[in-house]
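Novice: Be aware that the sequence shown starts at 2, since it is given in my numbering, and climbs by one per residue.
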Amino acid sequence: GVGLDFNDYRQYQLGDDYRYIDWNLYSRLEQLFLKEFIAERGLNVYFLIDRSESMSYPDQKKFILTKKIAAALFYISISHFDEAEAIFFADELKESTGKMRGKTKIKRVFNILENVKCRGKTNIERVVNLFISREKSSGLVFIISDFLDNNFLETLKIIKSRGWNIFLLNIKDNSYEIDFQGQFVLEDIETKRTKDIVIDAETIKEYNNIKKKFYNKIENFTNQYQINYLDIDLNNDLMEILLSVLKYRIQ
């Protein structure tokens, strides 16, 4: 948030705000002096929001929850006089709210969040590189995604080394299980590539192991490099999610 830090005194001049006169000093020196303050800068807060095709599955639920979280955290940020910006991404930076400060702009933010649709392929590595080349001053960046992408972890080390505080919010459906077997043609929701596959008990076991290792790798990496990470299930209560995020921010 924004505060005022005392900087110095200067002599009162006609037209100055009398509320900043130091009357204690006047009683000793019989001269009017004004207190001068420096505005403490608010935090720069950014929300990088994944709007690639994978966020639309299942039934837009991931993306709906993502937008609710982003809207709530955006409002909290600008309520504390932070400067905030939400930027959607797929394989590059896409729609943006622009940088905003003050609660009067929140309706415009909500309208932008509501109207963005899921499109495109995920490339978090490229997006983070584009972001840090654009933003020269560090701050706090939330990356809200399902993180179904490869080779992006090393890029997080770069942004961390430049003084950024990073918070990964991983949106996923922990209740989803493969409960079918047989021969299928699978289609990648983002690339539209297809693959013939036979799903049996062994395939399901291998899939679950790969998924577990994938998410464990992200979590272990964030622990090693002191990056905030929160695993968010689609069925989690929004208030509980927000309280968990704010608890991290306080620490």
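Cβ atoms here follow ideal geometry from the backbone N, Cα and C, with glycine treated the same way.
Suppose the cutoff is 8 Å on Cβ atoms and the five residues either side in sequence are ignored; what does the same chain contact list for THR156 look like?
Specialist: ILE125, GLU126, VAL129, ASN130.
Novice: Would you give the residue range spanned by the beta strand (DSSP E) that VAL129 belongs to?
Specialist: Here VAL129 belongs to no beta strand (DSSP E); instead the alpha helix (DSSP H) covers 125-135.
Novice: Tell whether a beta-carbon distance below 9 Å holds between ARG120 and LEU94.
Specialist: Going by C-beta atoms, ARG120 is not nearer than 9 Å to LEU94.
Novice: Are ASN166 and TYR216 closer than 9 Å when you measure CB to CB?
Specialist: In this structure, TYR216 does not lie closer than 9 Å to ASN166 by Cβ.
Novice: Should GLU96 and ILE113 be called a contact, given that it needs their Cβ atoms to be closer than 9 Å?
Specialist: In this structure, ILE113 lies closer than 9 Å to GLU96 by Cβ.
Novice: Of all the options GLY164, ASN45, THR67, which has the alpha carbon lying nearest to the alpha carbon of SER55?
Specialist: Of the listed residues, the one whose Cα sits closest to SER55 is THR67.
Novice: Any idea what DSSP makes of LYS36, helix, strand or coil?
Specialist: Three-state result, LYS36: strand.
Novice: Just curious, the alpha helix (DSSP H) that ASN209 is in, first and last residue?
Specialist: Its alpha helix (DSSP H) spans residues 202-225.
Novice: Could you check if ASP83 is buried or exposed, using at least 16 other CB atoms within 10 Å of its CB as the buried criterion?
Specialist: Buried, since its Cβ has 16 or more Cβ neighbours within 10 Å.
Novice: Would you give the residue range spanned by the beta strand (DSSP E) that ALA87 belongs to?
Specialist: It spans 84-90 - the beta strand (DSSP E) in which ALA87 sits, taken as one unbroken run.
Novice: Which ranges does the beta strand (DSSP E) cover as unbroken runs of at least 3 residues, wholly within the region 152-181, from first to last along the chain?
Specialist: The qualifying runs are 166-173.
Novice: Would you mind working out which of ILE145, VAL186, ALA73 sits nearest VAL110, comparing C-alpha positions?
Specialist: For VAL110, the nearest C-alpha among the options comes from ALA73.
Novice: What is the rounded straight-line gap between the Cα of ASP92 and the Cα of LYS122?
Specialist: Using only the alpha carbons, I get a separation of about 6 Å.
Novice: Alpha carbon to alpha carbon, what distance is there between PHE148 and LYS214?
Specialist: Their backbone Cα atoms lie some 13 Å apart in a straight line.
Novice: Can you check which of these residues, MET240, LYS62, SER245, is closest to ASP174 by C-alpha distance?
Specialist: Closest by alpha carbon: LYS62.
Novice: Are the CB atoms of LEU231 and ILE219 nearer to each other than 9 Å?
Specialist: Contact: no.
Novice: Would the beta-carbon of VAL246 fall within 9 Å of that of PHE153?
Specialist: No, the pair does not count as a contact, with Cβ atoms beyond the cut-off.
Novice: Where do the ends of the beta strand (DSSP E) carrying LYS95 lie?
Specialist: 94-97 is the extent of the beta strand (DSSP E) around LYS95.
Novice: Opposite GLU191 in the DSSP bridges: which residues?
Specialist: The partner list for GLU191 (beta bridge, DSSP) is empty, contrary to what the question assumes.
Novice: Would DSSP call PHE75 helix, strand or coil?
Specialist: Three-state result, PHE75: helix.
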